[in-house]
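In order, the protein sequence lines correspond to chains S and L.
Here the working numbering is used: the first residue of the first sequence is 1, the next is one more, and so on.
Here the working numbering is used: the first residue of the second sequence is 362, the next is one more, and so on.
No residue lacks a Cβ here, since even glycine has one placed at the ideal position from N, Cα and C.
Report on the following structure.
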Amino acid sequence: MKVLAAMSGGVDSAVAAARAVEAGHDVTGVHLALSKSPQSYRTGARGCCTIEDARDARRAADVLGIPFYVWDLAERFDEDVVQDFLAEYAAGRTPNPCLRCNERIKFTAVLDKALALGFDAVCTGHYARLVEGPDGVELHRAVDPGKDQSYVLGVLTAEQLRRALFPLGDTPKGEVRAEAARRGLQVAEKPDSHDICFIADGDTAGFLHRALDNVVGDAGGDIVDADGNKLGEHDGVYAFTVGQRRGLRIGTPAPDGRPRYVLDVSPATRTVTVGSAAQLDVLGLAGVRPRWCGSPPSEAIECSVQLRAHGEPVPAVVRLIGDELDVELRAPARGVAPGQAVVVYDGTRVVGSATIDRTRR
Amino acid sequence: MLPEAADAMCRHLVIAGNASSLHATGRSARRTVEESRETIAQALGARPSEVIFTSGGTEADNLAVKGMFWSRRAQDSRRTRILASAIEHHAVLDCVEWLATHQGAQPVWLDVDDEGRVHPETVRAAIDEDPDSVALVSVMWANNEVGTVQPVAEIARIAHEYGIPVHSDAVQAVGQVPVDFTASGLDALSFTGHKIGGPLGVGVLIAGRALNLTPVLHGGGQERDVRSGTLDTPAIVGLAAAVSIATAAQPELAADLALLRDDLVERVSAAVPEAILNGDRALSLDSRLPGNAHFSFPGCEGDALLMLLDARGVECSTGSACTAGVARPSHVLLAMGASEELARATLRFSLGHTSSKSDVDALLAVLPPAVERARRAGQVSARR
Chain S
1 MKVLAAMSGG VDSAVAAARA VEAGHDVTGV HLALSKSPQS YRTGARGCCT IEDARDARRA
61 ADVLGIPFYV WDLAERFDED VVQDFLAEYA AGRTPNPCLR CNERIKFTAV LDKALALGFD
121 AVCTGHYARL VEGPDGVELH RAVDPGKDQS YVLGVLTAEQ LRRALFPLGD TPKGEVRAEA
181 ARRGLQVAEK PDSHDICFIA DGDTAGFLHR ALDNVVGDAG GDIVDADGNK LGEHDGVYAF
241 TVGQRRGLRI GTPAPDGRPR YVLDVSPATR TVTVGSAAQL DVLGLAGVRP RWCGSPPSEA
301 IECSVQLRAH GEPVPAVVRL IGDELDVELR APARGVAPGQ AVVVYDGTRV VGSATIDRTR
361 R
Chain L
362 MLPEAADAMC RHLVIAGNAS SLHATGRSAR RTVEESRETI AQALGARPSE VIFTSGGTEA
422 DNLAVKGMFW SRRAQDSRRT RILASAIEHH AVLDCVEWLA THQGAQPVWL DVDDEGRVHP
482 ETVRAAIDED PDSVALVSVM WANNEVGTVQ PVAEIARIAH EYGIPVHSDA VQAVGQVPVD
542 FTASGLDALS FTGHKIGGPL GVGVLIAGRA LNLTPVLHGG GQERDVRSGT LDTPAIVGLA
602 AAVSIATAAQ PELAADLALL RDDLVERVSA AVPEAILNGD RALSLDSRLP GNAHFSFPGC
662 EGDALLMLLD ARGVECSTGS ACTAGVARPS HVLLAMGASE ELARATLRFS LGHTSSKSDV
722 DALLAVLPPA VERARRAGQV SARR
């Protein structure tokens with residue numbers, strides 16, 4: 001196969017490309033330039049969009065002896081991922097930009113261009129497995145539970161998965177690093193990237209303030225309890241996400257002395273609602289824009305759902321009602337934020353996904 | 362590299378000796394350097410004392426532009442304007458920009474026509490706006506992307522009416538078109554080794570004896586007290602060998618390349634009718650580099666085409682890329698009036714002394730399907 005390997009400059013995508021080469025594919029490396037004004041060097045462990053990362057990717061491609069190019073996707077990334085991220089926060093939801101990037105950049109913009117240029121597949125360093133099932137290709141969790149990234153790939157359709165290669169899904173991360181060293185890849189010891197790649201300093205609240213204050217005005221407002229009683233004030237709703245405990249700075253303790261958590265964030269009224277851990281418990285939810293790895297289920301299915309990146313699977317019953325996904329949780333879940341994805345699993349297999357629209361407590 | 366240049370270089374790589382030293386091996390190295398200087402001067406119509414060795418074309422351009430600006434302004438503080446063509450190589454472009462940002466220079470970018478040529482009248486008009494404020498003029502001998510040969514002698518003549526010195530980046534010209542420094546009337550001219558079959562990492566600024574240059578590199582003052590740094594004797598020997606061969610072979614090579622290039626242009630235009638030939642359309646030996654063919658392929662991204670052709674063994678170039686490797690629309694095409702889309706849709710095919718008809722055949726075998734595919738990819742990228 002002619003394979004396009006997306007190479008971020010990190011160890012995972014380098015080893016994934018190496019494995020694609022070793023499997024006998026005709027591999028071309030591509031680094032995606034996603035930032036309009038890249039910094040020269042990585043700071044901390046964030047991101048993959050500095051000039052240093054582009055050089056690391058090129059160096060790895062040279063070691064593998066494959067052609068290497070840089071594709072400029074900064075404009076599409078800004079429109080489809082960064083602006084979407086801001087719009088979601090402005091609407092009081094908590095988006096997952098990695099998932100959006102996989103959906104719209106890596107497996108739409110990049111994949112479509114690759115196919116048009118005569119490639120057969122796009123290879124990435126994601127930790128997930130593709131398994132040939134009775135009804136076609138299936139997406140499964142990686143064997144390394146600490147690194148499993150099937151959640152952020154759960155938005156991909158069967159058509160997109162058919163054109164994907166995830167060579168690392170069967171391997172624990174530690175082995176990938178050892179393999180990189182064995183292959184002479186200089187990135188073997190490079191730290192993992194964390195957090196959001198386009199927020200270089202890791203200060204998400206500050207980033208949102210800078211970007212959104214002009215749009216929706218100073219977002220300071222009240223902190224209230226579930227009954228609407230005012231408990232305190234905050235500087236801006238963007239510093240808060242559902243399930244958050246730290247940084248509330250409420251003077252008076254709760255009557256029961258227990259910690260309080262963010263239950264709801266409403267940018268429209270600039271209100272942050274807080275309550276006890278028990279009040280965080282979500283029993284069900286509705287998801288919009290469902291996507292299925294195969295055909296949509298015709299009836300209710302027993303399954304498990306994952307409600308945020310690195311979240312635990314929760315047993316559930318899901319059914320499609322119209323174009324909405326209804327999820328009834330068998331056990332209460334916490335920290336469920338609208339805007340995040342609900343990814344539906346049958347064992348290790350990803351069945352489909354939707355975007356969480358509202359929750360039931 | 363030309364075998365003669367490689368041989369000459371290798372012979373000297375194993376000889377120690379600093380041309381600045383006074384002992385026997387130093388004297389021997391100096392003799393070698395000076396003989397090389399004389400060879401180069403003779404081949405390019407200059408005097409030996411006008412040849413300043415540098416680390417390459419970029420350093421030569423930096424020394425010319427910054428050195429002329431600083432010395433001219435030191436003589437008269439009104440001289441802050443730098444007139445340079447809008448299609449200069451980044452080695453000149455970025456020098457001028459840096460002088461503008463940090464040293465109070467005022468860049469005046471000289472317009473080019475749709476074939477990428479600076480008209481002498483454009484230079485005169487720019488000078489006439491305020492002759493006393495012009496520090497220097499810099500116009501390349503031939504453009505590196507579209508191959509248009511500039512009327513540098515005419516430009517030098519006009520500038521000299523006002524007593525203004527002129528520099529020309531001739532990196533693309535030496536070995537491709539006749540280059541005679543004295544006959545051109547220029548005050549400074551840059552070129553580099555690796556473009557003419559010589560070694561990498563060595564170049565020359567030919568600077569007229571009357572020209573004052575403020576140094577960029579300070580130190581031992583080895584080259585005319587204007588450029589410091591121990592001379593790289595082996596590279597200089599290799600450069601001299603390459604210059605003498607390239608200039609001697611130039612008339613015949615140019616005739617051969619032009620024939621081959623004309624064939625390439627004709628066949629590309631026939632195979633891909635919508636392809637747009639950029640640069641001088643007359644394809645004459647006086648007005649275009651003989652080995653240069655440059656096209657825009659509407660609807661295609663240059664880097665996608667390059668990738669497809671590279672995968673099939675054809676090596677060509679797009680415009681320039683930023684530090685991270687992101688392709689940018691060519692500033693040369695933009696200056697020639699092309700849209701941003703066409704300025705991204707370009708490919709340059711360069712022919713050299715090793716190129717043959719079978720190379721052109723090989724290109725034509727793979728180009729039409731590659732263009733077709735790149736156009737589809739372009740449509741996908743544009744569709745939302």
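Beta bridge pairing from DSSP links T50(S) with no other residue. Listed along the chain, the chain S residues whose CB falls inside 8 Å of the CB of G418(L) amount to none; the nearest CB is some 24 Å away. H555(L): not part of any beta strand (DSSP E); DSSP gives it neither H nor E.
Burial state of G154(S) is buried, judged by a 10 Å Cβ sphere holding 16 or more other Cβ atoms. N573(L) carries a coil assignment under DSSP once its states are collapsed to helix, strand and coil. The beta carbon of R478(L) sits closer than 6 Å to those of T509, all from its chain and outside the five residues before and after it, given in chain order. The alpha-carbon separation between C371(L) and T608(L) amounts to approximately 22 Å. At a beta-carbon threshold of 7 Å, none of the residues of chain L lie near L64(S); the nearest stands roughly 15 Å away.
Under a 10 Å Cβ-count criterion, T393(L) is classified as buried, with 16 or more other Cβ atoms of the shown protein chains found around its own Cβ. Under the Cβ criterion of 8 Å, S551(L) is not counted among the residues facing chain S. For K113(S), the enclosing alpha helix (DSSP H) stretches over residues 111-116. Put simply, the backbone Cα of R360(S) is about 11 Å away from that of A333(S). In terms of Cβ geometry, L695(L) and E701(L) form a close pair [threshold 8 Å]. Residues of chain S with a Cβ closer than 8 Å to the Cβ of R734(L) are, in chain order, A116, L117, G118. Here P468(L) has I443, V457, A461 as same chain residues with Cβ atoms under 6 Å from its own Cβ, once five neighbours each way along the sequence are excluded. Shown here, P253(S) sits in coil according to DSSP, grouped into three states, outside any helix or strand.
The three-state reading of DSSP puts Q511(L) in coil, since its state is none of H, G, I, E or B. Distance check between L168(S) and each of A254(S), G65(S), R19(S) places R19(S) closest, using alpha-carbon atoms only.
Rounded to the nearest angstrom, the Cβ distance from D541(L) to L405(L) is 7 Å, consistent with a contact under 8 Å. In its chain, beyond the 5 residues on either side, L471, D472 have a beta carbon closer than 6 Å to the beta carbon of T483(L). For N96(S), the closest C-alpha among the options D80(S), V110(S), T124(S), A331(S) is that of D80(S).
Setting aside the 5 residues that flank it on each side, G287(S) is surrounded in the same chain by E324, L325, V327, V342, A354, T355, I356, D357, each with a C-beta closer than 7 Å to its C-beta; the list follows chain order.
Residue burial is scored here from C-beta neighbours: A616(L) has fewer than 16 other C-beta atoms within 10 angstroms and is therefore classed as exposed. With contacts defined by Cβ atoms closer than 8 Å, L572(L) and S589(L) do not form a contacting pair. Against Y69(S), the close residues of chain L are D664, M668, in the order they occur along the chain (beta-carbon pairs closer than 7 Å).
Of all residues in the region 227-242 of chain S, none has a C-beta nearer than 8 Å to a C-beta of chain L. For a Cβ distance threshold of 7 Å, residue set V741 of chain L lies close to D112(S), ordered along the chain.
Non-local beta-carbon contacts of K718(L) in its own chain, meaning distances under 8 Å to residues more than five positions away in sequence, involve L621, D624 in chain order. As the crow flies, the alpha-carbon of S13(S) is around 40 Å from that of A367(L).
Given a length threshold of 3 residues, each whole run of the beta strand (DSSP E) inside the region 120-158 of chain S is given here in chain order: 121-123, 128-133, 136-141.
Closer than 8 Å to the CB of R737(L) there is at least one CB belonging to chain S.
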